[in-house]
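Trainee: Handing you this structure, nothing more for now.
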Amino acid sequence: MTVQRGFLRRRGKTWTAYWYTDTVEGRRQQSKGGFTSHTSAQAFLTEAMAALSGGVFAEPVKVRLGEYLIERWLPTRELSLRPSTLSSYEVAIKRHVLPAIGELKIQQVTPDRLDRFYTQLSKQGLSPKTIRNIHVMLHKALHDAMRKNLGKGL
1 MTVQRGFLRR
11 RGKTWTAYWY
21 TDTVEGRRQQ
31 SKGGFTSHTS
41 AQAFLTEAMA
51 ALSGGVFAEP
61 VKVRLGEYLI
71 ERWLPTRELS
81 LRPSTLSSYE
91 VAIKRHVLPA
101 IGELKIQQVT
111 PDRLDRFYTQ
121 LSKQGLSPKT
131 IRNIHVMLHK
141 ALHDAMRKNL
151 GKGL
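For the sequence shown, counting from 1, position 34 maps to 34 in the working numbering; every step adds exactly one.
This is the structure:
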C-alpha cells in the first residue's frame, strides 16, 4: 500500500483529512474527520502518511461496542473466567451495556460518555457494586480493544 497524496477540507466547524492509497482492488480514498482545528487535522494526516509509508498503518475500525463485546471479546474470555463470572458479564452486557451504549463505535467510547452511562445506571437503581462490576468488565474489554488497535483513530 503506497500513499499517493493527502489533503484537508473544512466541513462545517470541523476539519477532515483525506488520503489515497493503492490497494489490490485499486486506488481508494480514505478519510477521518471531526478535527477541531486545521493543525490537528494536519498532524493526523502527517502521522497517517508516515505510518502508511512505514507499513504500520491500521485502518479505521468501524466495529460497534456491543458487537465487539458479544462477538469478539466475550468468547475469548471463556477459558480464563469462571462460568459464573462469564454469565454475569453476558447478562450485564445484554441488559445494560447494549441498550445504552452498545451502538457506539469503539472510538466513540470516551471517559465522559462512560461517566454518563454509569450515572444513568445509578439513576435506574443499580447498586454501586453492580455498577463497579460493569465498569471493571468494560475496562478490561476496552483495554483489550486498545491492545489490538481497535480503539485507535487511525
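Cβ coordinates follow ideal geometry from the N, Cα and C atoms, glycine included.
(1) My understanding is that threonine 14 touches serine 31, with C-beta atoms under 8 Å, so please give their C-beta distance in whole angstroms.
(2) Please list the terminal residues of the continuous beta strand (DSSP E) segment that includes serine 88.
(3) Give every residue of the same chain whose Cβ lies closer than 7 Å to the Cβ of arginine 11, excluding the five residues on either side of it in the sequence, and list them in chain order.
(4) Pick helix, strand or coil for lysine 140, following the three-state DSSP scheme.
(5) Between the Cα of lysine 148 and those of Tyr68, Phe117, Arg9, Gln42, spot the shortest distance and give me the residue it belongs to.
(6) Between which two residues does the alpha helix (DSSP H) harbouring lysine 62 extend?
(7) In the DSSP assignment, what residue or residues form a beta bridge with glycine 6?
(8) DSSP three-state label for isoleucine 134, please.
Mentor: Once the coordinates are examined:
(1) That pair is no contact at about 12 Å.
(2) Where serine 88 is concerned, there is no enclosing beta strand (DSSP E), although the alpha helix (DSSP H) it sits in stretches over 83 to 92.
(3) Gly33, listed in sequence order.
(4) Helix at lysine 140.
(5) Nearest to lysine 148 by C-alpha distance, out of Tyr68, Phe117, Arg9, Gln42, is Tyr68.
(6) Looking at the DSSP string, lysine 62 is not in any alpha helix (DSSP H), and its letter there is neither H nor E.
(7) Answer is Trp19, bridged to glycine 6.
(8) The answer is helix: DSSP assigns isoleucine 134 an H, G or I state.
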